[in-house]
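This report concerns only the one structure given below.
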Amino acid sequence: MTDDATIQALRAALAVSPDNVPLRRHLADALLRLGRDDEAEAEFRACLRSDGGDPEARLGLARVFYRRGRFDEALVLIEEVVDGGQPSAAALILQARLLHRRGDAAGAVTAYRAAVRRDPASADQDFAAQLGVNAEHDSPVADGRVRAGADAEIDSASAAPVERPKINFSQVGGMEDLKEAIRLKIIHPIKRPDLFKAYGKKIGGGILLYGPPGCGKTHLARAVAGEISAGFISIGINDVLDMWIGSSERNLAGIFASARANKPCVLFFDEVDALAASRSDMRQSAGRQVINQFLAELDGAQADNEGLLVLAATNAPWHIDSAFRRPGRFDRVLFVPPPDAQARIEILRVHLTGKPAVDLDLAGVAKKTDGFSGADLMAVVDQAVEAKLSVALKTGDIAPLTSKDLLTAAKQHRPTCKEWFASARNHALYANQGGLYDEVLEHLGIKR
Amino acid sequence: MSAQAVRARQLMGIGRWQAAAEALQMALAEDPEDALNHALLAQCWSNLDRPADARREAERAVQLAPSHPTSHWVLGQVLLADQRTADAERAAREALRLDVEDADHHHLLAAILAQRDQASAALAQVDAGLAVDPEHRGLTDFRGALLTRLGRHDEAESVIAEGLRRDPDAAEHHANAGWMHLRQRDHARAAQHFSEALRLDPTDQTARAGLVEALKARYLIYRIFLAWLFWLATLSPTARWVVILGGYLAYRFASRVADIYPQWSLWLSPVVWLYLGFAFLTWTAIPVFNLLLYAHPLGRHALSDRERSATLGTSAVIGVGLIGVASYPLTGHAIGLLIALICAQASAVLYPALEEAVARHRRIQVPACAMWGLFQMTALALIFAEETTGARMLTWGLYGWIALIFLPSVLSARGR
């Protein structure tokens, strides 16, 4: 039986007995294994609605959160499971990983040991080595504590997981100009360094992507890594904020160190305005230090940055300190607009795959969804599906989705980009030094 | 403090209100009795433009820690943002009573008093706050703004110049300077300062509104209108109504005298017409000159969305009125003039209603205007059908219109 068939069979069984919590959990676990996190999350939540105390469903939901980088929420859930008594080895391992991420090495070691005591098969050699559990005397880490004198640069406690993205530019719909700019800045220099050297053109520097939320900045960054078969390290806002408390400087050094160790590597800072904010309140003590260190790492002051590509994305480029835009740092600032009609068709097609549909006029829907972000389009498909589902629950018939359903859902959905453009417009009108936001003005059709 | 509460404070520091609110909700799920977290959540909701949620959280904070001044201070802030000035004043006074040494408490109360049209009392409060903390930036800024508003230009000038000297990169100082120059009828310098304020902080609403006024002040007629508004603003609320009603009574008296003694009408009728023209200007100046801004490359974009839709709506009504006037010489039918009269009246009440920022006030004003408009249209239809009740209805409509003119001030004076 294929994976999809399994899922469908489980769903069909659930349609007959919707209150069967173990069955629903089974479905959610299967979805999680297939990487269908959204659906898995929905099913786990449904389990918890029926049986709030189900530790397995909680563990599942915590796993979803962990995969999505929502570590704090994952930790809250997993601690509930552990505090509830008799936690499974899997729950304890996840707790150990979460505590480890948070920098609570001692807690992580305790949880890991408890897990192995409960089920010796749950032992994970790599993770144990990171924690320094059962370490030899010459290991730099012992029981989670870095031994005095151990080199901070190789402190893997702060190392970020390196991905190997499978997508490339051909899987990014539209955005041709953007892709071309990125090719010129990043991809050609890596693929043809000789040409660039011949013209004496310096290789390096980063790209800052900005634009409304949900328009594919992260997706694009991941595709860049795939395009050049490089590693990909994504640093989200929570990782950045963690740096403000605790041993932050080393965290940042560790991230850059592991990127350099995995060359070629794309280092992607999402919501970089949290790190590079120009606000005066961010310039205080600890904050200022993180900013300075970030700049030093970008400049490659202490280590060679060749083969290391730094990409950053933000919804609020106006909050970014101008020091970040100097040559050699983020010297290219690119606007990622909401998807154009062609890209919207592609996005809708992707989200509609595997869903029952009949004579869909995607071009027509795309025309009516001008200004919708990728995330908005996903919400439109979701809403249309929900509407169909509620009818199907009453009648028992599975009616396919039509263009009309999508258009109705689109009418009810307020595009999130609108709000972004309202504030971007002000910045572009009044604070457009050096033509930084010319592309926003162009997109809005404002001539000055 | 829990990890979530720490995270929430960080997120608030970088203006991520939505994410901060989520973190605070999680922190509150762990400890629902934490008054400070409720107060912070109230601030997040207020910034996310969810006044009802903000108020609920702030009230919960006050309930949990009634002796803590911060809870009352946040409640006051939240209520002020929602234009519930009467309740906000009560909360601010309580915060001040609990801690009179906090300049922020003085600042809040002063802002509320200014909103409640008590500029002099607000200035006294600002001075009390500056006695506590002479370096408080918000208070020094506000002092400059209040002095300008009260027409004390010399003092205002020195306060604002000092502010600009100390911190030339603060948008608020430039916005203040812009308003000061606007009141001194130097619209070009005002526009420069407003543009600079907006360059430094493109979200500064005071500067944006100022820029709109400065651009319109390029026209002499609008400058006269602005001077009138600024002069009215220096008066106490009572004095203001005395001036407006006095003008109206003088007009009635003059037209009456002109009726009784026709030999005087040569002198009196220009006065009467001037008054009528001025009254008409005060009703229509804002939308008409906003419409002129559409010809200005920056002006069109400087208007807020609400101003834009109110301008277009009111301009349409004025346009219908003008067609009515133009139709009179062609058709010879007085109905065109009546339409023009009603449109002139409508333009005076429609713009404030459509432009009203407080949604719950708008929900009263707009339907009231619509009902009045329907009533007047019925009256016109009856007049057209030569029914005598039509003319009587038109007179009642006039009283209704006067009530509509006063409606916005009544709503905002209630402060609820």
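Here the protein sequences line up with chains A and B, keeping their order. Sequential numbering from 680 applies to the first sequence in my numbering. Sequential numbering from 190 applies to the second sequence in my numbering. By construction, the Cβ of each residue, glycine as well, lies at the ideal position given by its N, Cα and C atoms.
Taking C-alpha positions only, glutamate 246 (chain B) is separated from glutamine 252 (chain B) by approximately 10 Å.
In the displayed model, alanine 406 (chain B) falls within coil according to three-state DSSP, outside both helix and strand. For alanine 709 (chain A), none of the residues of chain B pass the 7 Å Cβ criterion, the least Cβ distance being about 29 Å. Contact annotation, glycine 910 (chain A) with arginine 862 (chain A): C-beta distance approximately 19 Å; criterion of less than 8 Å not satisfied. Closer than 8 Å at the C-beta level to chain A, one finds these residues of the region 374–389 of chain B: Ser384, Leu387, Arg388 and Leu389. In the pairwise beta carbon analysis, the region 1053–1066 of chain A is classified as touching the region 1020–1030 of chain A: at least three pairs are separated by under 8 Å. Residues of chain B whose Cβ lies closer than 9 Å to the Cβ of asparagine 930 (chain A) do not exist, since the nearest Cβ in that chain is about 15 Å away. Boundaries of the alpha helix (DSSP H) harbouring leucine 706 (chain A): 700–712, taken from the DSSP string.
Interface residue (Cβ-Cβ distance to chain B less than 8 Å): valine 969 (chain A) is not classified as such. DSSP places serine 425 (chain B) outside any alpha helix (DSSP H), giving it a letter other than H or E.
Collapsing the DSSP output to three states places alanine 380 (chain B) in a helix.
Three or more pairs of CB atoms, one per stretch, sit closer than 8 Å, so the region 330–343 of chain B contacts the region 301–311 of chain B.
In this structure, the straight-line span from the alpha carbon of histidine 1106 (chain A) to that of glutamine 304 (chain B) is close to 28 Å. Spatial neighbours of glycine 786 (chain A) in its own chain (CB-CB distance under 7 Å, excluding positions within 5 residues in sequence) are listed in chain order as Leu778.
Any Cβ of chain A closer than 8 Å to the Cβ of histidine 490 (chain B) would place that residue at the interface, and such an atom is present.
Taking 9 Å as the Cβ-Cβ cut-off, the region 1086–1106 of chain A approaches chain B at Ala1101, Ser1102, Arg1104, Asn1105 and His1106, given in chain order. Around valine 743 (chain A), no beta-carbon contact reaches into chain B at under 9 Å, the shortest distance being about 16 Å.
The beta carbon of alanine 192 (chain B) sits closer than 8 Å to some beta carbon of chain A. Every alpha helix (DSSP H) of 4 residues or more that sits fully in the region 1057–1118 of chain A is shown, in chain order, as 1082–1091 and 1096–1109. Annotation note: the region 285–360 of chain B contains no uninterrupted beta strand (DSSP E) run of length 3 or greater. Distances from the alpha-carbon of proline 240 (chain B) to those of B:Phe469, B:Asn226, B:Ala542 and B:Leu269 put B:Leu269 closest.
Counting only runs of 4 or more residues that sit fully inside the region 853–903 of chain A, the alpha helix (DSSP H) segments are 855–861, 867–870 and 872–877, in chain order. With the criterion set as a beta carbon lying under 7 Å from some beta carbon of chain A, the members of the region 202–224 of chain B are Gly202, Ile203 and Met215, in sequence order. Each residue's CA atom was taken as its position, placing leucine 519 (chain B) and isoleucine 528 (chain B) some 15 Å apart. Chain A has no Cβ within less than 8 Å of the Cβ of threonine 329 (chain B).
Between threonine 993 (chain A) and aspartate 1040 (chain A), the C-beta gap is not smaller than 8 Å, which leaves the two residues out of contact. Under the DSSP assignment, leucine 740 (chain A) falls in the alpha helix (DSSP H) whose first and last residues are 734–746. Exposed is the label assigned to glutamine 394 (chain B), since fewer than 16 other Cβ atoms lie within 10 Å of its Cβ. Of the other Cβ atoms in all chains shown, 16 or more fall within 10 Å of the Cβ of tyrosine 1109 (chain A); this residue is therefore buried.
In this chain, the beta strand (DSSP E) harbouring serine 913 (chain A) covers 910–914.
Leaving aside the five residues that flank alanine 1036 (chain A) on each side, the residues in its chain whose CB is nearer than 8 Å to its CB run, in chain order, Pro1079, Leu1080 and Thr1081. Within the region 751–763 of chain A, Asp751, Glu752, Leu754 and Val755 place their CB atoms closer than 9 Å to a CB of chain B, listed in sequence order. Contact fails between the region 404–414 of chain B and the region 434–452 of chain B, because fewer than three Cβ pairs, one in each stretch, are under 8 Å apart. Here glycine 748 (chain A) is near asparagine 917 (chain A), since their CB atoms are less than 8 Å apart.
Cβ neighbours of methionine 1057 (chain A) within its own chain (closer than 6 Å, five residues either side excluded): His1030. For leucine 328 (chain B), the CB contacts under 8 Å within the same chain, skipping 5 residues up- and downstream, are Ala292, His295, His296, Ala299, Val315, Gly318, Leu319 and Asp322 in chain order.
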